[in-house]
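Residue numbers (the working numbering): 42 to 113. Each residue gets a CB set at the ideal place from its N, CA and C atoms; glycine is no exception. Quick notes on the structure that follows.
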């Protein structure tokens, strides 16, 4: 078991391999409706950051739950 002294984050290793009960976080993906909405805004030359914020408002999704800006 390895513990970070600053953040108190703990990692558990067994025989040189990381063994944890949780899986690695998956990639966040846009739904088909969200993709269509992004395409419509992109055709109107809206900047990516504005598209991301509009996506958050339209679909009532927190920004933390959206994929990174480079995917939008």
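Short Cβ contact (8 Å threshold) for residue i with residue j
i	j	result
residue 93	residue 107	yes
residue 104	residue 78	no
residue 110	residue 89	yes
Where the alpha helix (DSSP H) containing residue i begins and where it ends
i	result
residue 100	No alpha helix (DSSP H) contains residue 100, which DSSP labels as neither H nor E.
residue 81	73-84
Close Cβ partners of residue i (< 7 Å) along its chain, the five nearest in sequence each way excluded
i	result
residue 84	none
residue 22	There is simply no residue 22 to check, as the chain begins at 42 and stops at 113 in what is shown.
residue 48	none
CA nearest to the CA of residue i, picked from the options
i	options	result
residue 102	67, 75 and 49	75
For residue j and residue i, the rounded distance between their alpha carbons
i	j	result
residue 69	residue 46	30 Å
residue 50	residue 67	20 Å
Same chain only: Cβ atoms within 8 Å of residue i, ignoring 5 sequence neighbours per side
i	result
residue 99	78
residue 87	95
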